[in-house]
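Asker: For the sequence shown, our numbering assigns the number 7 to the initial residue and increments by one for each residue that follows.
Backbone N, C-alpha and C define an ideal beta-carbon position, used for all residues, glycine too.
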Amino acid sequence: MRSVISVVGAFVGLMLVSAAASADSRCALSRLDGVNGRPFDATDGRDPRNYPPDPQVDFTWLALDIDFSQPETRSFSCEETIRFTNLASPLARLHLDGVRLKVDSVRDLAGGELKYHYDEERLSVAYDPPMQPRAEAGVVIRYRCEKPTTGMIFALPEGGYADRPLTIHTQGEAQFNRYWFFSHDSPNERCRTAMSVVAPAHLKVLSNGGLIGREELGAGLARTRYEMAHPHASYLVSLVLGDFDLVTQTWREKPVEYWVPAGQAEGAIRTFGRTPDMLEYFSRQLDFEYPYEKYAQAVCYLFEWGGMENTSTTTLREDVVMDERAAIDKDLEGLISHELAHQWFGDLVTCRSWPHVWLNEGFATYMEAAWWEHSRGRDDYDYDIWKTMRGVARSDRGDAVAGVVFPQYDTPDDVFSRPLSNPYGKGASVIHMLRRELGDDLFWLCIQTYLKRFAWNEAETDDLRKVIEEVSGASYERFFRQWLIRPGVPHIKVKYEWDDEQSAVKLSLEQTQDLSADRPAFVVNVPVVCVMADGERLERVIAMRERKASITIPCDDEPTQVCVDPDLRVLAQWDIGLSVPMRIRQALDGPTAAARLAAIATLEEEDRDDVRQALADIVRDSGNFYGERVEAAAVLGRMAIAPARELLLQLVDDDAAMREARVRAAIVAALGRYRSAAVAQKLLRFANSDPTYTVEERATQGLGRQDQTDEIIQQLLDNTRKTSHQDMIRRAAIGALAELDAESGIEAAFEVARDGAPSRGRPAGIRALGALGSTYQTERVRRFLLGLLEDRDERVVGAAIGALGALGSVEAIDELQAYAGGAAPDSLRKRARDAIKRIRDDETGSAALQSLRDRVAKLEERMEEVGHGESVDPNEAD
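Here it is as structure tokens:
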């Protein structure tokens, strides 16, 4: 009987593993497509790579004369003038991108009619006979834009938002400006632009460049005109109009403007007040003065992202303006400095095509860290870079085909969101490594040279490489290839040995990732610092040119610390084989913040009292850098063992440890990873009240991991009604109710998700409905979510599509298919297709699981027969 049961158990296990493997295979294929872009299809043999389109001509001028006298109609009329110079070949047709615009006429600059063909996506203007090389010409297009589906976003006072100030903004990146004007909508061409807008006189108008003038026209209308003195790419053209409060500072006699929704002027300086300091620092550090007529930051309702670097005119999401309570422990300097840095990296010098977008996003992300270094010091720089590099390294699973520079994608938006070879994080990491390779002075000289050489132009990755080689006199082809063209990062295992006989440290390094001819060992130089008991430091470099490398370092005595890569010179997954006492010592007083942070992170798996006490001491010591205290608290939380929990319970009652708001939030968040009655009581206290929004948010999130009690549910319901910066407490509360699978959370989720609720919280409410709706009120939830597919807020629509996928409602497939085949933005239609696939996969998986259960049941029914001497072939269980 025992052996037969083992056979049946093994068979059941095999079936479960097979089912899981099948599911994993499907997931892996899905991940592969997402990671690596459009796959090659052998049936049609189409090249899956994307290349920049032919610019056809040298565009020199684009002017938009817009009549927006009735913005509430979500429509406008426009006369667009484009000037250009033909290139070296005769031109028979000029192609311009423009989607679903209503063309009235196309004429030349003299007013003569031009023949054209328009297929709702591209306007083709005919020249017969063909235009001669080097000829100068232009087109004037009269058209009407009616209710664009993307590219121009209308936040009107309507529906549940009748009291909302009217704001209209545009979003061009990557290829959305084509939905409201005609252009060569690709970053490989640029021209000067101008904007003239007629709108209701009570509304303010903002666009790129300098304000030329504003004139009253009568009948309640006014005309506002802007003009760019320098050329820029079409995706950076911006129009913002609405009911704004305008707050202005100055920098070197240029206006620095903060356009905030009416009623929010009080928070403008609190939020944006350091912008002039950033302009000064970037201009000096880059040796290139901010080049535009003004710098404006416009806060717009329904803006989907964090910020968008339109030339001289950044757009930001509606909830960035901080009140006094938010400013206790938060600031927006990272976002503000990122978008400002784009004025040099992205606007002044623009990536020639989207695979090279890391030249925009990587540099903007890096300049955030540079700003921290300038304004707060080296430790803050190290912390920012350390978090970025850790995130990149952790994401590397070894299965990516796409490097940072990789031309395969379905839409340009895919390039921005690659999870592994991300242009933001990995791009910034590569730039940091370049700085460490070159040294500070030479690094900044290379960047300054790059900006000056390609100012008002486009660049590719090799352009930056060639500048660096020219300025430094060194070859960087291998560096660029292995970090930007090739995917992945090295996985380096470090083995430490103290040789008492030779009185020497022996370090062995091995790259453990899969190696092949296409993916050989990374070539890296790994710095090592041995710290002796008396504080003396011995610095060495291990040159890795193949899988393994080693070094012997003579020392009088064994070091108290051996710090590997203390300055973050190598982007890698590290497996550091040092003794626990050494790592504790490094965590406490390593030579750099990066070294201390790295050591703190390695202690997570160590179940030792001295480790936990060291971490608690780091958290408790207010003299330590706050980032180290935050990370030490986080490690205590991730340990997931009772002694660590008890230390956190002590820390949460330690006034000195809890005084610094960011550290207090980290301690509360770490405590929230545990589940106990004592933990719940502490979390309830902070979820109810704290001087900062962040601590209340973290405590609220932690309540979602506790055992349900009436007190917890009531506190979470109360917190769904709290107003906070970026709606952070409400979002945390509704998420926690969903995590607890609390039936009472359904009505709260409907309230958070409804039209008219604070917009930042609505997606969280919708996601909660997707989670809770599979158990409670499924049909009502499904109908509600389907209704949201028509919402004006793309964030709401995207969340509703995802929630329908999570709900697994087969009845929703028809509506999702209709949406996926409609006129919505590509990103939302792709989400709809993904949701349909998820529903079908879940349905298939459920059917397979039920079949598996039936087969197991049949086997169990026949177990008695086995006891009577019969044999069972598991494959006959069907």
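Could you tell me if alanine 27 is buried or exposed, where buried requires 16 or more neighbouring beta carbons within 10 angstroms of its beta carbon?
Answerer: The pLDDT assigned to alanine 27 is 36, lower than 50, so where the model puts this residue is not dependable, and the model offers no usable value.
Asker: Straight-line CA distance for glycine 811 to glycine 767?
Answerer: Whole-angstrom Cα-Cα distance: 20 Å.
Asker: How many whole angstroms separate the CB atoms of leucine 746 and glycine 708, which I take to be in contact at a CB cut-off of 8 Å?
Answerer: That belief does not hold up - the Cβ atoms of leucine 746 and glycine 708 are roughly 12 Å apart, past 8 Å.
Asker: What's the C-alpha gap between alanine 739 and aspartate 615?
Answerer: 34 Å
Asker: I need the DSSP call for serine 514, collapsed to helix, strand or coil.
Answerer: strand
Asker: Just verifying my parser: in three-state terms, what is the DSSP assignment at arginine 651?
Answerer: helix
Asker: Per DSSP, what kind of secondary structure is glycine 445 in: helix, strand or coil?
Answerer: For glycine 445, the three-state secondary structure derived from DSSP is coil.
Asker: Helix or strand or just coil, what does DSSP make of serine 202?
Answerer: In the three-state DSSP reduction, serine 202 falls in the strand class (E or B).
Asker: Count the other C-beta atoms from every protein chain shown that fall within 10 angstroms of the C-beta of tyrosine 232, then say buried if there are 16 or more, exposed otherwise.
Answerer: buried
Asker: In whole angstroms, give me the CA-to-CA distance for leucine 70 and cysteine 151.
Answerer: 12 Å
Asker: Can you tell which of Glu717, Ile147 and Ala638 has the C-alpha that lies nearest to the C-alpha of lysine 688?
Answerer: Glu717
Asker: Nearest to arginine 711 by CA position, among Asp581, Ala742, Gln720 and Glu703, is which residue?
Answerer: Ala742
Asker: Are three or more beta carbon pairs between the segment 387-394 and the segment 406-421 nearer than 8 Å?
Answerer: no
Asker: I'd like to check one pair, glutamate 374 with histidine 344: are the Cβ atoms closer than 8 Å?
Answerer: yes
Asker: Please return the same chain residues whose Cβ sits closer than 8 Å to the Cβ of lysine 728, not counting the five positions on each side in sequence.
Answerer: Glu702, Ile735, Arg736 and Ala739
Asker: On a CA-only basis, which of Gly479, Cys306, Ser401 and Lys458 is nearest leucine 448? Give me that one, please.
Answerer: Gly479
Asker: Could you name each continuous alpha helix (DSSP H) segment of 4 residues or more that falls completely within the segment 812-836, going from the start of the chain to the end?
Answerer: Listed in chain order, the complete alpha helix (DSSP H) runs (minimum 4 residues) inside the segment 812-836 are 819-826.
Asker: At 4 residues or longer, what runs of the alpha helix (DSSP H) sit wholly inside the segment 670-705?
Answerer: Fully enclosed alpha helix (DSSP H) runs of 4 or longer: 683-694.
Asker: Let me know if phenylalanine 460 comes out buried or exposed under the rule of 16 or more other beta-carbons within 10 Å of its beta-carbon.
Answerer: buried
Asker: Should glutamate 330 be labelled buried (16 or more other beta-carbon atoms within 10 Å of its own) or exposed?
Answerer: Exposed, since its Cβ has fewer than 16 Cβ neighbours within 10 Å.
Asker: Taking all protein chains shown into account, decide if isoleucine 582 is buried (16 or more other Cβ within 10 angstroms of its Cβ) or exposed.
Answerer: buried
Asker: Can you tell me whether aspartate 402 is buried or exposed, with buried defined as 16 or more other CB within 10 angstroms of its CB?
Answerer: Using a 10 angstroms sphere on the CB of aspartate 402, the tally of other CB atoms reaches 16 or more, which defines it as buried.
Asker: Quick check on the burial criterion: 16 or more other C-beta atoms within 10 angstroms. Buried or exposed for phenylalanine 160?
Answerer: buried
Asker: Measuring straight from C-alpha to C-alpha, what distance separates serine 83 and histidine 208?
Answerer: 20 Å
Asker: Figure out for me which residue from Gln138, Tyr122, Met137 and Glu127 has the closest Cα to the Cα of valine 146.
Answerer: Tyr122
Asker: CB alanine 646 to CB arginine 602, shorter than 8 Å?
Answerer: no
Asker: Does the Cβ-Cβ distance between glutamine 62 and leucine 120 come in under 8 Å?
Answerer: no
Asker: Within the same chain, show all residues whose beta-carbon is closer than 6 Å to that of phenylalanine 294, passing over the 5 residues directly before and after it, in chain order.
Answerer: Leu457
Asker: I need the DSSP call for valine 146, collapsed to helix, strand or coil.
Answerer: strand
Asker: What residue does the alpha helix (DSSP H) around lysine 472 start on, and which one ends it?
Answerer: 467-478
Asker: Please give the ranges of any alpha helix (DSSP H) in the segment 330-364, keeping only runs that are unbroken, at least 4 residues long and fully inside the region.
Answerer: 339-347
Asker: Tell me which same chain residues have a C-beta within less than 6 Å of the C-beta of lysine 554, skipping the five on either side of it?
Answerer: Glu516
Asker: Tell me the DSSP secondary structure of lysine 843 in three-state form.
Answerer: helix
Asker: Any chance the segment 746-763 sits against the segment 343-362, with 3 or more Cβ pairs inside 8 Å?
Answerer: Touching, no.
Asker: Can you tell me whether cysteine 357 is buried or exposed, with buried defined as 16 or more other CB within 10 angstroms of its CB?
Answerer: Cysteine 357 is classed as buried because its beta carbon has at least 16 other beta carbons within 10 Å across all chains shown.
Asker: Residues in the same chain with beta-carbon distance under 6 Å from glutamate 821, minus the five sequence neighbours each way, listed in chain order, please.
Answerer: The residues are Leu792.
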